[in-house]
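Chemist: Here it is: the structure, laid out below.
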Amino acid sequence: MESSRKLGSSHHSKSYATQGCFTLMILITSALFLFNFPPSDHAASPSLTSTKILASRLHSASNYISSLSSIVASSARFLSGSCNCSDAQGEEEEEDVSSCDLFDGRWVEDDDSKPLYKPGSCPFIDDSFNCFKNGRPDSDYLRLRWKPSGCKLPRFDGLKMLKMLRGKRLVFVGDSLNRNMWESLICSLRESLVNKSRLFEVSGHYEFKTQGYHSFMFKDFQCSIEFLKSPFLVQQRQFSDMAGVQRETLRLDKIQTSLTEYRDADIIIFNTGHWWTHQNTNKWNNYFQEGKHVFRSMAVADAYTKALKTWAKWVDANIKNHTRVFFRGYSASHFKGGQWNSGGSCDGETRPIRNESHLAPYPWMMKVLESVIAEMKTPVLYLNISRMTDYRKDGHPSIFKQSRRQRLPGMIQDCSHWCLPGVPDAWNELLYATLLISHPNSP
């Protein structure tokens with residue numbers, strides 16, 4: 175059954191068509207950053223356009239061209255599809271193109287493709303994401319792989335990724351969709367370990383939904399993969415109104431305090447978005463705050479923009495030169511017949527969307543994000559997964575967020591998060607491919 179959501183604007187197709195140029199620009203800018211350009215370059219005026227920033231970096235990097243040539247050549251081979259990175263033997267080479275947007279492609283059925291980890295094999299998946307454990311009867315959603323239009327993704331190699339991460343700290347910061355991706359990466363990397371007891375949860379508990387911070391350590395590689403809960407990235411604050419009722423505000427001008435503890439991580443993957451759309455967070459719509467002023471009326475889009483600019487300013491001022499910054503885009507939801515708390519459902523969906531006219535308009539939040547990133551001094555790698563997730567109405571837990579004995583009539587379905595194994599594994603394949611571009615000679 176196709177999603178009932180229709181294409182609402184002609185800008186939808188144009189927005190997606192421009193993502194390739196935008197993503198390529200950020201990839202190149204981030205590649206330059208990896209070579210530790212002089213401080214004068216990092217201090218470029220934030221008022222410059224992204225194109226001028228890129229030109230300034232190229233000019234400042236004149237003494238680094240020889241070092242840069244190898245990564246540019248490797249990136250060009252990967253992006254053009256000419257690298258030897260096929261994930262299906264016997265498949266014909268892709269057309270040699272000048273660039274490849276990894277996030278522009280399609281889901282293809284592949285009977286030979288296997289999940290990065292077997293269903294039910296990983297003990298570090300929230301029960302609400304564990305569709306196999308909760309009795310989901312179909313499995314075709316596990317036989318789809320993401321295929322970019324202009325190149326081939328390398329096969330995910332957990333051992334190689336762990337070697338790239340040796341001695342490093344990778345931190346996911348954001349909402350439960352980032353936790354979805356974090357758990358997927360933990361399980362995907364765990365699968366490559368011969369001795370799986372060499373992976374341990376630092377704080378010794380697996381109730382990921384109820385805690386704000388978690389860390390796993392891969393002992394043989396001395397690397398940690400961490401998750402910090404921060405749904406808005408900015409600070410939440412409680413106060414009492416004139417009637418003595420406890421309310422909360424979002425401090426649009428202050429980053430969440432706990433983020434400062436992770437500014438020296440080697441890789442940080444941020445996200446925010448879903449909590450800016452949930453109807454149960456409308457309580458913040460009239461309680462946004464800047465300084466001592468509480469706004470009694472502010473559009474969510476304006477508040478979101480202010481929050482992202484606060485995040486961008488904090489990143490530019492605090493993130494160390496060795497840290498690579500990612501931002502994962504908005505992950506699509508597929509509620510039919512209502513929102514999440516008003517009877518919306520997605521159970522019974524076993525096939526992705528095939529008719530592109532049923533895709534949603536490009537998320538407004540991503541347009542805001544792209545404009546903010548373009549003005550930043552710090553290079554940000556943009557994991558633009560919005561469209562690739564929009565196809566996958568079949569990948570949500572729906573009623574299988576709970577076991578059969580826990581399901582009740584009229585239960586709220588989950589059509590926002592994703593089953594694991596499932597769609598977030600593809601996000602981590604794209605993360606892996608992006609890291610390979612910046613580590614062309616990794617062991």
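What the sequence shown shows, in our numbering, is residues 175 to 617, in sequence order.
Built from N, CA and C at the ideal position, the CB exists for glycine as well.
For chain B, find out if any of its Cβ atoms is closer than 8 Å to the Cβ of serine 432; answer yes or no.
Modeler: The structure shown contains no chain B; it holds only a single protein chain.
Chemist: Please check the pair cysteine 305 and phenylalanine 574, which I expect to be a contact at CB under 8 Å, by giving their CB distance rounded to whole angstroms.
Modeler: Rounded, the Cβ-Cβ distance is 4 Å, consistent with contact.
Chemist: Would you call glutamate 544 buried or exposed, if buried means 16 or more other Cβ atoms sit within 10 Å of its Cβ?
Modeler: It is buried - the Cβ of glutamate 544 has at least 16 other Cβ atoms within 10 Å.
Chemist: Using the rule of at least 16 other Cβ atoms within 10 Å of the residue's Cβ for burial, across every protein chain shown, is asparagine 445 buried or exposed?
Modeler: It is buried - the Cβ of asparagine 445 has at least 16 other Cβ atoms within 10 Å.
Chemist: Any idea if glutamate 422 is buried or exposed, counting beta-carbon neighbours within 10 angstroms, 16 or more meaning buried?
Modeler: Classification of glutamate 422: exposed, given that the 10 Å Cβ count is below 16.
Chemist: Quick check: what's the CA-CA separation for aspartate 394 versus asparagine 369?
Modeler: So the alpha carbons of these two residues sit roughly 10 Å apart.
Chemist: When you compare the segment 572–587 with the segment 333–348, are there three or more beta-carbon pairs, one atom per stretch, that lie closer than 8 Å?
Modeler: Counting Cβ pairs under 8 Å, fewer than three are found: no touch.
Chemist: Looking only at its own chain, which residues have a Cβ that is under 7 Å from the Cβ of alanine 607, when we skip the five neighbours before and after it?
Modeler: Only Leu276, Leu327 and Pro328 meet the Cβ criterion.
Chemist: Taking 8 Å as the cut-off, does the segment 554–574 touch the segment 300–316 (at least 3 CB pairs, one atom from each stretch)?
Modeler: Yes: at least three Cβ pairs fall under 8 Å.
Chemist: Have a look at the DSSP bridge pairing and note the partners of proline 618.
Modeler: Coverage of the chain is limited to positions 175 through 617, which leaves residue 618 absent and any answer about it impossible.
Chemist: Can you have a look at aspartate 588 and say buried or exposed, based on whether 16 or more other CB atoms are within 10 angstroms of its CB?
Modeler: It counts as buried.
Chemist: Grouping DSSP H, G and I as helix and E and B as strand, with all else coil, what is cysteine 361?
Modeler: Of the three classes helix, strand and coil, the one that applies to cysteine 361 here is helix, per DSSP.
Chemist: State buried or exposed for serine 183, treating a residue as buried only when at least 16 other CB atoms are found within 10 Å of its CB.
Modeler: Residue placement at serine 183 is poorly supported in this model, since its pLDDT is 34, which falls under 50; the coordinates are not used for a value here.
Chemist: Is the beta carbon of leucine 433 less than 8 Å from the beta carbon of phenylalanine 500?
Modeler: No, Cβ-Cβ distance for leucine 433 and phenylalanine 500 is not below 8 Å.
Chemist: Starting from arginine 470, trace the alpha helix (DSSP H) both ways and give me its first and last residue.
Modeler: No alpha helix (DSSP H) contains arginine 470, which DSSP labels as neither H nor E.
Chemist: Flag this pair as yes or no: are the beta carbons of aspartate 564 and alanine 506 separated by less than 8 Å?
Modeler: Yes, Cβ-Cβ distance for aspartate 564 and alanine 506 is below 8 Å.
Chemist: Do you know how far the Cα of tyrosine 291 is from the Cα of histidine 508?
Modeler: Near 25 Å, if we compare the C-alpha coordinates of tyrosine 291 and histidine 508.
Chemist: Rounded to whole angstroms, what is the Cα-Cα separation between proline 293 and lysine 321?
Modeler: Straight-line Cα distance between these residues: approximately 22 Å.
Chemist: For asparagine 495, count neighbouring Cβ atoms within 10 angstroms of its own Cβ and tell me buried if that reaches 16, exposed if not.
Modeler: Counting Cβ neighbours within 10 Å, asparagine 495 comes out exposed, since fewer than 16 surround it.
Chemist: From lysine 541 to serine 371, what does the alpha carbon distance come to, in whole angstroms?
Modeler: Taking the straight line joining both Cα atoms gives about 43 Å.
Chemist: Just curious, the beta strand (DSSP E) that tyrosine 556 is in, first and last residue?
Modeler: Note, tyrosine 556: beta strand (DSSP E), 554–557.
Chemist: So, for threonine 552: in the same chain, excluding its five sequence neighbours on each side, which residues have a beta-carbon less than 7 Å away from its beta-carbon?
Modeler: Same-chain partners within the cutoff: Val489, Asp490, Ile493 and Val499.
Chemist: Going by DSSP in three states, phenylalanine 509 sits in which element: helix, strand or coil?
Modeler: Phenylalanine 509: coil per DSSP, three-state reduction.
Chemist: Identify, in the order they occur along the chain, each residue of the same chain with its Cβ nearer than 7 Å to the Cβ of asparagine 559, setting aside the five sequence neighbours on each side.
Modeler: Here residue 559 is isoleucine; the residue named in the question, asparagine, does not match the sequence. Closer than 7 Å at Cβ, skipping near neighbours: Phe277, Arg502, Gly503, Ser505 and Trp601.
Chemist: Among Gly348, Ser323 and Arg353, which one has its Cα closest to the Cα of phenylalanine 303?
Modeler: Taking only the C-alpha atoms, the option nearest phenylalanine 303 is Arg353.
Chemist: At what residues does the beta strand (DSSP E) containing lysine 403 begin and finish?
Modeler: First-last of the beta strand (DSSP E) with lysine 403: 397–403.
Chemist: Are there 16 or more other CB atoms within 10 angstroms of the CB of valine 419, so buried, or fewer, so exposed?
Modeler: Looking at its Cβ environment, which holds fewer than 16 other Cβ atoms inside 10 Å, valine 419 is exposed.
Chemist: How far does the alpha helix (DSSP H) with methionine 562 in it reach, from first residue to last?
Modeler: Where methionine 562 is concerned, the enclosing alpha helix (DSSP H) stretches over 560–564.
Chemist: Using CA atoms only, rank isn't needed, just tell me which of Gln410, Arg470 and Glu357 is closest to threonine 431.
Modeler: Closest option to threonine 431, Cα to Cα, is Gln410.
Chemist: With respect to the alpha helix (DSSP H) encompassing aspartate 599, which residues constitute its N-terminal and C-terminal limits?
Modeler: Element bounds for aspartate 599: 597–612.
Chemist: Express the C-alpha separation of leucine 604 and serine 404 in angstroms, rounding to a whole number.
Modeler: Approximately 23 Å between the Cα atoms of the pair.
Chemist: Mapping the DSSP letters down to three states, classify arginine 343 as helix, strand or coil.
Modeler: DSSP places arginine 343 in strand when its eight states are reduced to three.
Chemist: Indicate the three-state DSSP secondary structure (helix, strand or coil) for valine 489 in the structure shown.
Modeler: Helix.
Chemist: Which same chain residues end up closer than 7 Å to proline 598 when comparing Cβ atoms and leaving out the 5 residues on each side of it in sequence?
Modeler: Counting only Cβ-Cβ distances below 7 Å, and skipping sequence neighbours, we find Asn354, Met355, Ser358 and Trp592.
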